[in-house]
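Number of protein chains: 2
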Amino acid sequence: MATGRTERPTQRGRGIPEATVARLPLYLRALSALSERGVPTVSSEELAAAAGVNSAKLRKDLSYLGSYGTRGVGYDVEYLVYQISRELGLTQDWPVAIIGIGNLGHALANYGGFASRGFRVAALLDADRAVTGQRIAGMAVRHMDDLEQIVREDHVSIGVITTPAPAAQEVCDRLVAAGITSILNFAPTVLSVPEGVDVRKVDLSIELQILAFHEQRKSGLDPVAGPVPGRPSKPGERGDLPEVMPA
Amino acid sequence: MATGRTERPTQRGRGIPEATVARLPLYLRALSALSERGVPTVSSEELAAAAGVNSAKLRKDLSYLGSYGTRGVGYDVEYLVYQISRELGLTQDWPVAIIGIGNLGHALANYGGFASRGFRVAALLDADRAVTGQRIAGMAVRHMDDLEQIVREDHVSIGVITTPAPAAQEVCDRLVAAGITSILNFAPTVLSVPEGVDVRKVDLSIELQILAFHEQRKSGLDPVAGPVPGRPSKPGERGDLPEVMPA
DNA sequence: CCTACTTTGTGCGTACGTTCACAAAAGCCT
DNA sequence: AGGCTTTTGTGAACGTACGCACAAAGTAGG
Ligand SMILES: NC(=O)c1ccc[n+]([C@@H]2O[C@H](COP(=O)([O-])OP(=O)(O)OC[C@H]3O[C@@H](n4cnc5c(N)ncnc54)[C@H](O)[C@@H]3O)[C@@H](O)[C@H]2O)c1
Ligand SMILES: NC(=O)c1ccc[n+]([C@@H]2O[C@H](COP(=O)([O-])OP(=O)(O)OC[C@H]3O[C@@H](n4cnc5c(N)ncnc54)[C@H](O)[C@@H]3O)[C@@H](O)[C@H]2O)c1
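If you read the protein sequences in the order shown, they are chains L and E.
The first sequence begins at 1 in my numbering and counts up by one.
The second sequence begins at 248 in my numbering and counts up by one.
Dropping the structure here:
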């Protein structure tokens with residue numbers, strides 16, 4: 001999962017738990033599908049199944065938003081779509097800027113799924129003059145020189161970083177300086193940002209490594225005990241590894 | 248964060264907490280950078296800073312792997328790189344198949360960062376005959392007809408789904424039937440899989456929605472309270488839609 | 001109106017994750 | 001060798017998350 005530093009001990013007063021916030025989009029998606037099929041109401045059991053979660057969890061999550069269900073009946077689909085959208089801030093428009101129009105930036109720029117939920121690609125930016133000026137998905141790639149102006153004029157508040165890792169921190173700093181307070185980072189680096197700026201990351205490599213970990217477990221063999229690169233080795237050492245044998 | 252269904256109550260005995268597993272790749276990346284710079288040892292404080300976590304957490308995480316540090320000194324970089332790699336299963340090769348070579352599949356296929364950690368793109372697959380046969384990154388796109396054979400012959404154990412959402416479950420089922428037990432899903436759908444198969448998802452749209460939620464909070468205004476679409480309302484009816492006015 | 005049934009909203013026990021804080025271990029210097 | 005410094009490894013306290021199970025609230029039918 002791409003988990004970023006959006007975490008806080010959990011907000012005060014009216015705060016919705018972070019774990020819940022992360023699931024709301026899931027519910028919203030399931031509800032949208034129901035809505036399109038013209039389904040008027042849905043029970044927590046059905047909705048939970050569609051979202052792939054436990055129904056008690058779903059009910060608790062929804063209860064943070066308010067008491068929007070009807071006992072004996074379920075939830076009104078349209079009404080709940082609206083409430084969740086509102087809570088997530090999707091009733092307003094969020095202009096997004098994509099920085100680094102290479103392989104990945106290209107794919108994102110061409111991606112239609114963005115617009116669907118109030119996220120609008122407002123600008124594509126790159127530092128390479130061989131790239132700037134190109135038109136992608138009907139939009140000209142602008143040069144990084146124009147960053148500050150673009151952010152200001154288009155009220156961009158979300159930046160997506162798809163530059164190579166070594167450039168990411170620098171780009172991030174510029175985005176922050178330009179006034180952006182939410183960043184989605186695809187570069188495999190830890191970004192450091194001042195208080196008040198949220199960073200979330202999407203890291204393919206980490207996801208694969210987590211899968212590999214479990215895959216290895218499944219294949220029975222414990223973490224391959226093999227020739228170990230000599231321990232830091234003080235004086236004396238135990239040479240080899242644990243040597244766990246699972247029967 | 249893309250969080251998938253890799254969760255389990257936590258393994259028995261020798262089990263490493265899921266949260267820890269998710270951070271190991273982060274430590275590994277930081278350590279690799281240190282290793283390249285020729286740094287021989289690192290303290291938990293330094294490594295934690297590089298990975299963007301609390302040092303106590305880092306030490307506890309590492310302690311699950313074993314007692315690999317030296318008090319008063321820190322951790323031997325090379326040794327720790329090896330231990331984490333081994334634990335994650337990166338000392339072996341993981342052939343990966345990418346299914347759905349469109350915008351995103353293309354970008355992934357061209358991406359070099361894969362190979363770096365033992366993940367090898369073994370096959371590119373698509374259902375569209377206009378796509379199959381094309382060469383991408385020196386590799387021919389194969390047709391879905393060959394899926395089972397490819398999985399068998401190349402020992403593919405990890406599948407990456409980059410098809411449109413409506414096709415994802417069907418593709419997933421075929422992957423599972425072919426023997427794949429780890430799936431990374433980029434399509435915005437909940438996949439259902441049998442016990443024993445791990446699915447992790449990467450969902451851009453969810454990440455943006457989480458950012459929007461926090462962004463909205465930061466902009467002061469609570470979730471725009473405005474004229475609400477008439478509550479579900481018993482009998483029939485429900486008024487009209489949102490009509491939010493953000494002042 | 002009253003009874004039977006459905007489904008929400010939530011209290012509560014449990015498990016999991018994070019952080020503090022410190023004893024114990026190791027190196028270093030005299 | 002002993003004392004001083006550094007830094008690990010972990011016990012314990014706290015906070016967050018999960019899911020069961022059930023009362024309360026609603027619908028439906030007579
Ligand atoms: N391609 C993938 O499938 C993939 C997958 C996972 C992660 N990533 C990560 O995403 C990032 C982009 O990957 P990619 O394959 O698109 O790389 P790429 O090299 O194709 O594209 C990077 C783009 O960023 C631009 N750039 C470089 N420095 C810049 C700067 N300082 N300011 C603005 N733009 C700058 C370059 O001109 C280039 O157009 C990398 O960090 C990569 O590790 C990519
Ligand atoms: N492009 C992005 O930046 C982006 C971002 C986030 C999520 N996604 C998601 O990733 C997925 C792919 O996006 P995309 O933009 O690459 O779409 P795309 O339409 O460009 O590519 C999809 C590819 O999948 C192939 N395909 C369709 N049905 C198939 C099947 N049954 N078996 C095998 N192959 C099949 C198609 O032939 C096509 O080549 C979508 O689910 C999308 O929502 C894309």
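Ideal Cβ placement from N, Cα and C applies to all residues, glycine included.
With respect to V96 (chain L), R120 (chain L) sits close: the two C-beta atoms are nearer than 9 Å.
Listed in chain order, the alpha helix (DSSP H) elements of length 4 or more contained wholly in the segment 88-159 of chain L are 103-110, 147-154.
For the 9 Å CB-CB criterion, A212 (chain L) and G365 (chain E) form a contact. With respect to chain L, the C-beta atom of G443 (chain E) has a partner C-beta closer than 9 Å. Counting only runs that start and end inside the segment 274-329 of chain E, the alpha helix (DSSP H) elements of at least 4 residues fall at 291-298, 302-312. Within chain L, no residue has its beta carbon less than 7 Å from that of H402 (chain E); the closest one is some 11 Å off.
If you check each beta-carbon in the segment 134-159 of chain L against every beta-carbon of chain E, the ones closer than 9 Å belong to S157, I158. Shortest Cα-Cα distance from T189 (chain L) to any of L:R23, L:Q134, L:K201 involves L:K201.
With its beta carbon at least 9 Å from every one in chain E, P95 (chain L) lies outside the interface.
For I84 (chain L), the secondary structure class from DSSP, reduced to helix, strand or coil, is helix. In the three-state reduction of the DSSP assignment, D420 (chain E) falls in the helix class. Not flagged as an interface residue toward chain L: P264 (chain E), since no C-beta distance is shorter than 9 Å.
For the segment 31-56 of chain L, the residues whose beta carbon sits under 8 Å from a beta carbon of chain E are, in order, T41, A50, A51, G52. Within 10 angstroms of the beta-carbon of P264 (chain E) lie fewer than 16 other beta-carbons, which makes it exposed. Distances from the alpha-carbon of E195 (chain L) to those of L:S205, L:Q209, L:I180 put L:I180 closest. Three or more beta-carbon pairs separated by less than 8 Å link the segment 344-358 of chain E to the segment 382-398 of chain E, which places the two stretches in contact. Shown here for Q83 (chain L): same chain residues with a beta carbon closer than 8 Å to its own, the five before and five after excluded, namely L65, G66, Y68 in chain order. Nearest Cα to K218 (chain L) within the set E:A414, E:I405, E:L455, E:Q416: E:I405. For a Cβ distance threshold of 7 Å, nothing in chain E lies close to Q169 (chain L): the least Cβ distance comes to about 12 Å.
DSSP lists E:L431 as the beta-bridge partner residues of R447 (chain E).
In the structure shown, I457 (chain E) falls within a helical segment according to DSSP collapsed to helix, strand and coil.
Within chain L, no residue has its CB atom less than 9 Å from the CB of P413 (chain E), the nearest being about 11 Å off.
In this structure, L355 (chain E) has its beta carbon less than 8 Å from a heavy atom of ligand 1. For the set L:H155, L:Q169, L:D154, the Cα lying nearest the Cα of I161 (chain L) is the one of L:Q169. V151 (chain L) places its beta carbon 9 Å or farther from that of L184 (chain L). Between ligand 1 and E170 (chain L), a heavy atom-to-CB distance of less than 8 Å is present. Counting only the Cα atoms, P40 (chain L) lies some 34 Å from G467 (chain E). Closer than 8 Å to some heavy atom of ligand 2: that describes the Cβ of F433 (chain E). Rounded to the nearest whole angstrom, the C-alpha separation of D323 (chain E) and R37 (chain L) is 58 Å. Taking a contact as a CB-CB distance under 8 Å, the pair R59 (chain L) and S44 (chain L) counts as one, their CB atoms being some 5 Å apart.
Contact annotation: Q92 (chain L) and Q463 (chain E) have beta-carbon atoms nearer than 9 Å.
Only residues of its own chain outside the window of five on either side were considered, and among them P342, A344, A369 have a CB closer than 6 Å to the CB of V403 (chain E), listed in chain order.
Contact annotation, Y79 (chain L) with L47 (chain L): C-beta distance approximately 13 Å; criterion of less than 8 Å not satisfied. Just so you know, the alpha carbons of L125 (chain L) and G262 (chain E) end up roughly 45 Å apart.
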